[in-house]
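Asks: Per the working numbering: the sequence shown = residues 2 to 112.
Take a look at this one; I'll ask things after.
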Amino acid sequence: MSRLDVVVERLGPGVACVRLTGELENDYAHTLDMQLQRVEAAATTLVIDLRGLSFLDSAALGRLLAARRRAARAGRRLVLVRGQRTVDRVLMLAGLEQAFEMVTELDERIA
Numbered sequence: 002m003s004r005l006d007v008v009v010e011r012l013g014p015g016v017a018c019v020r021l022t023g024e025l026e027n028d029y030a031h032t033l034d035m036q037l038q039r040v041e042a043a044a045t046t047l048v049i050d051l052r053g054l055s056f057l058d059s060a061a062l063g064r065l066l067a068a069r070r071r072a073a074r075a076g077r078r079l080v081l082v083r084g085q086r087t088v089d090r091v092l093m094l095a096g097l098e099q100a101f102e103m104v105t106e107l108d109e110r111i112a
């Protein structure tokens, strides 16, 4: 059975980072969405770190897109930290690379 670990870290005032490790698939997509919404309530910038993911499915893409829509409506910045090659490939094949602000690593410009 797959597993997803979620760690939330504050990077600075109004900046939260959600670090994902494991496999983000259908069984965890709704749970992640609920966690993201709780974090979003106190953040002006939300960073979702995909580097620890080994798998991402269409349900996960849907939840990332939902977070993007909520961010746009709230005027919140949403940043994805690029993941492993397999995760980046899913985003590319879905045509979503340009839909998100993406960085290769966390740095002081985000915080």
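All C-beta atoms, glycine included, are put in the ideal place defined by N, C-alpha and C.
(1) Start and end of the alpha helix (DSSP H) containing alanine 67?
(2) With a threshold of 16 other CB atoms inside 10 Å of the CB of alanine 43, please say whether the residue is buried or exposed.
(3) Does DSSP put glutamate 41 in a helix, in a strand, or in coil?
(4) So the alpha helix (DSSP H) aspartate 89 belongs to, where does it begin and stop?
(5) Use the C-beta contact count for leucine 94: other C-beta atoms within 10 angstroms, 16 or more gives buried, fewer gives exposed.
(6) Helix, strand or coil, according to DSSP, for threonine 32 in the structure here?
Replies: Taking the geometry as given:
(1) For alanine 67, the enclosing alpha helix (DSSP H) covers residues 59–75.
(2) Under the 10 Å beta carbon count, alanine 43 is surrounded by fewer than 16 other beta carbons and is classified as exposed.
(3) Note: glutamate 41 maps to helix in three-state DSSP.
(4) In the DSSP annotation of this structure, the continuous segment of the alpha helix (DSSP H) that includes aspartate 89 starts and ends at 86–94.
(5) Residue burial annotation: leucine 94 is exposed, with fewer than 16 other C-beta atoms found within 10 angstroms of its C-beta.
(6) Of the three classes helix, strand and coil, the one that applies to threonine 32 here is helix, per DSSP.
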